[in-house]
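Below: the structure, in structure tokens.
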Amino acid sequence: MRYPQMLANGLTTKGNSNVALKGILGIYAMGEITKALESRGKQSATADHYSNLAKSMYIQWETVAFQSGRMSSEFSQSSSWTLGYNIYAATLMGADLVGKNVLDGQTSFYSSQFSSSGSKLGLGFDSNAEYIVKSHWSLFAAGAATSTTVRDSFISGVWSRTFMKGRISPFSTTWDLRSGASPPNMTDGSASPAQGAMFSLLALTLPNVPTNFNSDGLSGDSSKQQGRKVSAGAIAGGVVGGLAVILALILLAIFLARRRRQKQIQEDDPDINFRLHTCPREPAASDRS
């Protein structure tokens, strides 16, 4: 983790705390996925491997990344700081991997930053870019905050910039903390899909339903699962029947369209009706004899 990294936020660091935490949480999530899908909800050697690896790496991470009661931007740089927006993933998963001391420490740091900043447009996302605000990372940080006051301050900053009047890029993800304008030589992310981060707060209100497994390895109640089983013959019959209905509807539509067209032609040309009704029928051969 010590090699230079070019990050999506434009920073070049050696050992970025946020990126490292994202990787550790990814490993932890892999352990949970393995336990749910491959082990039928039970512990296994593979699931334990991922879980233990994530816990071991987190212990090392906290030693070098949680400095002076807050997350540092770079490892072992206690004077640096960053928004812990990747902590949100742990909050969403309900993971106890990230300690309460980190969650509370970050929240206290945010509170002090809001008090000292005096700006109503949010917080800079990193000490290496202290005047650059990122709306999506701000909302992720809000979701991981343990204080509703701090959470609401993040939301208020994004809202204030979004509805700010003046010659500014609309609905941006990136702006200058001091003016609200787009930062020079930087993409401001106008109307970017990254704004989907605003739903991160709503996602936290969804119930965290555990994945349960019965003796067959299926999730949920076994009697309900059995009731849901459908034979291949029934499925094939349903498909064939559905195709037959669709074909019948297509033929009916063609028939009605042709009749409508013939009626329209007759209405548009009255002579057609006259000729159809007045033209004498040619006598049959038997009649002529």
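Reading the sequence shown from the start, the letters are residues 42 to 330 in our numbering. Virtual Cβ for every residue (Gly too), placed ideally from N, Cα, C. It should be emphasised that the depicted structure is a prediction, and the values quoted were computed from it without experimental measurement.
Label residue i either buried or exposed according to how many other C-beta atoms from any shown protein chain fall within 10 Å of its C-beta, with 16 as the threshold for buried.
i: E79; result: exposed
i: F204; result: exposed
i: Q305; result: exposed
i: A275; result: exposed
i: V250; result: exposed
i: S157; result: exposed
i: K141; result: exposed
i: V143; result: buried
i: I68; result: buried
i: I295; result: exposed
i: L293; result: exposed
i: R111; result: buried
i: G165; result: buried
i: A95; result: buried
i: N93; result: exposed
i: N169; result: buried
i: Q307; result: exposed
i: A285; result: exposed
i: L297; result: exposed
i: S109; result: exposed
i: L62; result: buried
i: A131; result: buried
May I ask you to report which of helix, strand or coil DSSP gives residue i?
i: M98; result: helix
i: K55; result: strand
i: T75; result: helix
i: V181; result: The residue you asked about is not Val; residue 181 is Phe in the sequence shown. Residue state, collapsed to three classes: helix.
i: E308; result: helix
i: F195; result: helix
i: D217; result: strand
i: A70; result: helix
i: V174; result: strand
i: S263; result: In this predicted model, S263 has a pLDDT of only 44, less than 50, meaning its place in the structure is not dependable; the value taken from the coordinates is given anyway. If DSSP states are grouped into helix, strand and coil, S263 belongs with the helices.
i: T123; result: strand
i: D167; result: strand
i: Q118; result: coil
i: M112; result: strand
i: F212; result: coil
i: F107; result: strand
Rounded to the nearest angstrom, what separates residue i and residue j at their Cα positions?
i: M98; j: T104; result: 10 Å
i: L52; j: K161; result: 25 Å
i: L133; j: S119; result: 27 Å
i: S241; j: I287; result: 42 Å
i: S114; j: L138; result: 20 Å
i: G56; j: Y126; result: 16 Å
i: L218; j: S85; result: 49 Å
i: L237; j: R202; result: For the record, residue 237 in the displayed sequence is Gly; it is not Leu. C-alpha separation (whole angstroms): 16 Å.
i: K76; j: G184; result: 26 Å
i: L245; j: T187; result: 13 Å
i: Q147; j: W102; result: 15 Å
i: A88; j: I74; result: 8 Å
i: P72; j: I65; result: Sequence inspection shows Gly at residue 72; the Pro mentioned does not correspond to that position. Rounded to the nearest angstrom, the two C-alpha atoms are 11 Å apart.
i: T54; j: Y129; result: 22 Å
i: G135; j: A182; result: 15 Å
i: G283; j: R299; result: 25 Å
i: R301; j: I291; result: 15 Å
i: A235; j: A106; result: 26 Å
i: D145; j: A70; result: 23 Å
i: S149; j: K206; result: 31 Å
i: T214; j: P224; result: 11 Å
Take residue i and list the residues in its own chain whose beta-carbon comes closer than 7 Å to its own, dropping the five residues that flank it on each side.
i: A222; result: I209 and W216
i: V27; result: This structure gives no information on residue 27, because the portion of the chain shown stretches from 42 to 330.
i: G268; result: For G268, the predicted model reports a pLDDT of 45, less than 50, meaning its position is unreliable; a value from the coordinates is still stated below. For G268, where only same-chain residues beyond five positions count, there are no Cβ hits under 7 Å.
Quick one: does residue i have its CB under 8 Å from some CB of chain D?
i: A88; result: Protein chains in the displayed structure number just one, and chain D is not present.
Please work out which residues of its chain come closer than 6 Å, Cβ to Cβ, to residue i, disregarding the five sequence neighbours upstream and downstream, and give them in chain order.
i: H90; result: none
i: F155; result: S194
i: L124; result: F166, W178 and A182
Decide if the segment 192-201 is in contact with the segment 225-233; the criterion is three or more beta carbon pairs, one per stretch, under 8 Å apart. no
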